[in-house]
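In the numbering used here, the protein residues as written are 1 to 333.
Here is the structure we will look at.
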């Protein structure tokens, strides 16, 4: 997410105006109450909204361009991860007030009003997760219906641990979206991104279900692990997430994480990634004359071809193009 802030997701522009009335009118339709906090703010408004809607997640860039106070209605049913890009932003989520910036983001939860106060353009990357998507992931991890909505601790430390990992995950998605349509056009890649964001928040960022998620120590039978592996191997060409794998294994997602790693030395999603790399390797070795590295990689859910090529070389000691060149059909060209 480097470079001029205004360039972030610029090819996915959804709205831009320098007219204060037009800007205020648009944001009011999205359940925001807005106040301009300086008398000259109307003259420097530069509202930019760039982004894309995925099935359960919105990834976007926002700036108002002028100091503003924005309040959300408690009726909103979504979670917002906000990563400020430049000057500090003051955020109040429920009863908690934070000063956020490039090293500290924040997440808001449904039912809690949040208020954002900016002194400058207010530029930030944000990710919106629908309540339905978050609840579906949490239900899969718990293996039981929810007793109440999940509420997250607001502050996210972006300099270390899970906060930095979360920021990196969002940054990689931004990179993919700026580079083309691979993420939006590939259901497998889309599902993996949504899985990454929701699972990281639920398992690693403090919330009112953290104790329940970390208390789960239910033993998993070898047959359950076997069911999970059989399901994964049969469905590798389709979008796969923890909820589907846990359902096939007939255990809660958190239990599956722990004991799958005990049995296979990797998390379920790492196992999926490893298996997809094996499929790509096999496909390259027996490729037809019309096949390409790009087509084969995309077929198995690898949308960021640069990272795919680097990891492929680390795994197999050669670039994927070299493996492809050894295919009998390719050799016969």
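Ideal Cβ placement from N, Cα and C applies to all residues, glycine included.
This one's a predicted model, so the numbers in the text were calculated from it and none came from an experiment.
Output needed for residue i: all residues of its chain with C-beta closer than 8 Å, excluding positions within five of it in sequence on either side, in chain order.
i           : result
residue 98  : 90, 91, 92, 104, 106, 154 and 155
residue 321 : 293
Express the C-alpha separation of residue j and residue i in angstroms, rounding to a whole number.
i           : j           : result
residue 327 : residue 279 : 14 Å
residue 178 : residue 223 : 43 Å
residue 62  : residue 319 : 38 Å
residue 171 : residue 212 : 30 Å
residue 54  : residue 190 : 7 Å
residue 120 : residue 259 : 49 Å
residue 137 : residue 129 : 11 Å
residue 264 : residue 117 : 48 Å
residue 42  : residue 304 : 41 Å
residue 29  : residue 275 : 45 Å
residue 314 : residue 36  : 52 Å
residue 290 : residue 142 : 45 Å
residue 268 : residue 257 : 6 Å
residue 325 : residue 108 : 50 Å
residue 339 : residue 301 : With the chain represented from 1 up to 333, any question about residue 339 goes unanswered, as that position is not in the structure.
residue 3   : residue 19  : A caution first: residue 3 carries a pLDDT of 39, below 50, which makes its placement in the model unreliable, though a value can still be read off. Between residue 3 and residue 19, the C-alpha separation is close to 26 Å.
residue 12  : residue 294 : 23 Å
residue 317 : residue 282 : 15 Å
residue 226 : residue 174 : 36 Å
residue 273 : residue 233 : 11 Å
residue 312 : residue 299 : 15 Å
residue 253 : residue 242 : 6 Å
residue 26  : residue 160 : 36 Å
residue 31  : residue 21  : 16 Å
residue 202 : residue 180 : 29 Å
residue 94  : residue 277 : 44 Å
Does the distance from the C-beta atom of residue i to that of residue j stay below 8 Å?
i           : j           : result
residue 323 : residue 285 : yes
residue 194 : residue 57  : yes
residue 77  : residue 47  : no
residue 66  : residue 44  : yes
residue 246 : residue 140 : yes
residue 199 : residue 134 : no
residue 151 : residue 115 : no
residue 248 : residue 271 : no
residue 131 : residue 110 : yes
Which residues share a DSSP beta bridge with residue i?
i           : result
residue 106 : 82 and 155
residue 277 : DSSP, once it has assigned bridges, lists no residue as partnering residue 277.
residue 15  : 49
residue 91  : 98 and 116
residue 60  : 51 and 126
residue 41  : According to DSSP, which records beta bridges pairwise, residue 41 is partnered with nothing at all.
residue 68  : 36 and 118
residue 207 : 152
Excluding five sequence neighbours on each side, which residues of the same chain lie with their C-beta closer than 7 Å to the C-beta of residue i?
i           : result
residue 219 : Note that residue 219 has pLDDT 48, beneath the 50 cutoff, so the model's placement of it is unreliable and the number below is only indicative. So the list is empty, once near-sequence residues are dropped.
residue 14  : 49, 50 and 51
residue 308 : 297 and 302
residue 228 : 245, 248, 249, 256, 260 and 268
residue 123 : 5, 63, 85 and 86
residue 10  : 50
residue 164 : 158
By Cβ distance, which residues of its chain are closer than 6 Å to residue i, with the 5 residues on each side in sequence left out?
i           : result
residue 101 : 84 and 88
residue 33  : 71
residue 8   : 61
residue 188 : 239 and 301
Secondary structure, alpha helix (DSSP H): runs of 4+ residues fully inside the segment 114 to 143: 131 to 142, all fully within the segment 114 to 143.
Alpha helix (DSSP H) runs contained entirely in the segment 245 to 314, provided each spans 4 or more residues: Fully enclosed alpha helix (DSSP H) runs of 4 or longer: 253 to 264, 268 to 285 and 293 to 299.
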